[in-house]
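Start counting the sequence shown at 10; every next residue gets the next number (my numbering).
Read the structure below first, then the notes.
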Amino acid sequence: MLKRISVLVVAALTLAACGSGGGSGGGDGSITMGFSQVGAESGWRTANTKSVQDSAKKAGVTLKFSDAQQKQENQIKAIRSYIQQKVDVIAFSPVVESGWDTVLKEAKDAKIPVILTDRAVDSKDTSLYRTFLGSDFVEEGRKAGKWLVDAFKSSTDPVNIVELQGTTGSAPANDRKAGFAEEIAKDPKFKVIASQTGDFTRAKGKEVMEAFLKSNPDIDVLFAHNDDMGLGAIEAIEGAGKVPGKDIQIITIDAVKDGMQALADGKINYIVECSPLLGPQLMDLAKKVLKGEQIPTRVVTEETTFTQEQAKAALSSRQY
Ligand code: GZL
Numbered sequence: 010m011l012k013r014i015s016v017l018v019v020a021a022l023t024l025a026a027c028g029s030g031g032g033s034g035g036g037d038g039s040i041t042m043g044f045s046q047v048g049a050e051s052g053w054r055t056a057n058t059k060s061v062q063d064s065a066k067k068a069g070v071t072l073k074f075s076d077a078q079q080k081q082e083n084q085i086k087a088i089r090s091y092i093q094q095k096v097d098v099i100a101f102s103p104v105v106e107s108g109w110d111t112v113l114k115e116a117k118d119a120k121i122p123v124i125l126t127d128r129a130v131d132s133k134d135t136s137l138y139r140t141f142l143g144s145d146f147v148e149e150g151r152k153a154g155k156w157l158v159d160a161f162k163s164s165t166d167p168v169n170i171v172e173l174q175g176t177t178g179s180a181p182a183n184d185r186k187a188g189f190a191e192e193i194a195k196d197p198k199f200k201v202i203a204s205q206t207g208d209f210t211r212a213k214g215k216e217v218m219e220a221f222l223k224s225n226p227d228i229d230v231l232f233a234h235n236d237d238m239g240l241g242a243i244e245a246i247e248g249a250g251k252v253p254g255k256d257i258q259i260i261t262i263d264a265v266k267d268g269m270q271a272l273a274d275g276k277i278n279y280i281v282e283c284s285p286l287l288g289p290q291l292m293d294l295a296k297k298v299l300k301g302e303q304i305p306t307r308v309v310t311e312e313t314t315f316t317q318e319q320a321k322a323a324l325s326s327r328q329y
């Protein structure tokens with residue numbers, strides 16, 4: 010009798026852990042994932058979308074995919090629609106950090122597990138999602154700042170920095186800014202004389218850099234939160250008759266192909282990598298969650314940094 014009860018208890022626990030959401034929950038092996046993507050704002054995003062879509066196909070996961078065009082209300086609508094469709098698991102990259110608790114509670118009430126990928130949310134209730142798979146953006150900002158402090162260690166003159174921030178309110182913008190500021194605070198000669206969002210896009214990066222150049226005659230350094238804004242800024246710098254990488258040193262984050270090419274060509278001085286290839290790990294984590302297996306609440310992606318010499322060597326083997 011005791012044995013039969015204990016088997017029943019284990020079965021019940023396993024079922025509960027599976028978050029028997031609306032779908033088969035991996036019960037018959039099939040998995041349907043609802044994925045809400047930020048948009049298509051940058052080379053990084055394009056590579057990330059490809060990684061998720063290719064990995065779903067390879068993993069035999071049925072993917073319902075939506076592009077939010079960088080609007081939070083579109084992501085909330087998409088998540089609600091996935092809940093109505095009773096998908097087995099929801100994954101999304103939150104365009105901004107705040108404002109997710111209500112819709113994530115709806116997913117939790119519907120017993121559909123949620124995985125955060127790429128960007129984080131600032132919800133205090135961490136039971137609203139199973140894990141956050143993505144980079145450590147503060148560390149990316151620190152790496153950019155550390156390189157700059159080292160590059161100017163023998164200079165005693167003030168170093169005037171302009172900063173192109175990512176999307177306002179997004180985790181990468183908030184955290185990269187914080188990590189960079191932490192490092193350059195170590196030497197008072199570093200001054201951020203202008204800082205504004207370029208929304209992670211090339212066009213906006215060019216537009217804001219043109220404005221920076223008009224109002225700041227002696228810019229020494231540009232720190233751009235992604236390659237795309239840096240590439241737009243390069244067009245503005247050349248349009249102003251200055252030499253990118255020489256008159257104005259440029260540090261960016263991502264390491265997408267176009268950024269690495271500019272780095273190899275000497276127009277960018279240093280790139281901190283931020284890997285978009287999150288698809289395989291996302292599918293693996295989703296399968297584990299639906300099988301009721303324990304997964305870590307935080308999965309940090311591996312990434313490195315590139316100098317101009319390293320970019321020349323790495324270019325031919327870059328996947329994105
Ligand atoms: C970072 C990602 C950022 C990239 C940008 O993980 O969210 O968004 O750095 C992209 O290129 O637009």
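Note that CB positions come from ideal geometry on N, CA and C, so glycine has one too.
Keep in mind the model is a prediction, meaning the values are calculated, not measured.
Residue i Cβ short of 6 Å to ligand 1 heavy atom set
| i | result |
| --- | --- |
| R185 | no |
| F209 | yes |
| W53 | yes |
| E311 | no |
| D127 | yes |
| E50 | yes |
| N83 | no |
| P103 | no |
| D263 | yes |
| N235 | yes |
Inter-residue Cα distance where the pair is residue i and residue j
| i | j | result |
| --- | --- | --- |
| I193 | R89 | 42 Å |
| K321 | I277 | 12 Å |
| L324 | Q317 | 11 Å |
| V112 | S164 | 51 Å |
| D229 | D256 | 7 Å |
| N169 | Q258 | 11 Å |
| Y91 | T41 | 10 Å |
| A49 | L291 | 19 Å |
| L137 | D110 | 8 Å |
| A68 | S39 | 10 Å |
| Q303 | A295 | 11 Å |
| V265 | D236 | 7 Å |
| A129 | N183 | 11 Å |
| G239 | V171 | 11 Å |
| P197 | F141 | 35 Å |
| P122 | E148 | 28 Å |
| L125 | R139 | 8 Å |
| L22 | K133 | For L22, the predicted model reports a pLDDT of 42, less than 50, meaning its position is unreliable and no value from the coordinates is stated. |
| K332 | T313 | No answer is possible for residue 332: the residues shown for the chain start at 10 and end at 329. |
For residue j and residue i, believed in contact at Cβ under 8 Å, the rounded distance
| i | j | result |
| --- | --- | --- |
| T261 | G254 | Not a contact, Cβ separation roughly 11 Å. |
| G207 | L173 | 4 Å |
| A65 | A77 | The pair is not a contact, with the Cβ atoms about 18 Å apart (cut-off 8 Å). |
| H234 | P181 | 6 Å |
| G143 | L287 | 7 Å |
| V158 | L299 | Between L299 and V158 the Cβ distance is about 46 Å, and since that is not below 8 Å, they are no contact. |
| Q62 | L72 | 6 Å |
| S102 | V47 | 5 Å |
Start-to-end residues for the alpha helix (DSSP H) that takes in residue i
| i | result |
| --- | --- |
| Y91 | Q81 to Q93 |
| N183 | A180 to I193 |
| S224 | R211 to S224 |
| R128 | Segment: none, R128 is in no alpha helix (DSSP H) and carries neither H nor E. |
| Q303 | From DSSP, Q303 is part of no alpha helix (DSSP H); its letter is neither H nor E. |
| L113 | D110 to D118 |
| E318 | Q317 to A323 |
Extent of the continuous beta strand (DSSP E) to which residue i belongs
| i | result |
| --- | --- |
| T206 | F199 to T206 |
| E50 | Per DSSP, E50 belongs to no beta strand (DSSP E) and is neither H nor E. |
| S45 | I40 to Q46 |
| L291 | Run containing L291: none in the beta strand (DSSP E); it sits in the alpha helix (DSSP H), G288 to L299. |
| L231 | V230 to A233 |
| Q270 | That residue, Q270, is in no beta strand (DSSP E); its alpha helix (DSSP H) goes K266 to A273. |
| I280 | Y279 to E282 |
Identity of the residues DSSP links to residue i by a beta bridge
| i | result |
| --- | --- |
| V309 | G143 |
| A245 | According to DSSP, A245 bridges with nothing at all. |
| A100 | F44 and I124 |
Short CB-CB distance (under 7 Å) between residue i and chain B
| i | result |
| --- | --- |
| I260 | No chain B is part of this structure, which consists of one protein chain only. |
Proximity test, residue i beta-carbon vs ligand 3 heavy atom, cut-off 6 Å
| i | result |
| --- | --- |
| P181 | No copy of ligand 3 occurs in the structure displayed; its ligands are ligand 1 alone. |
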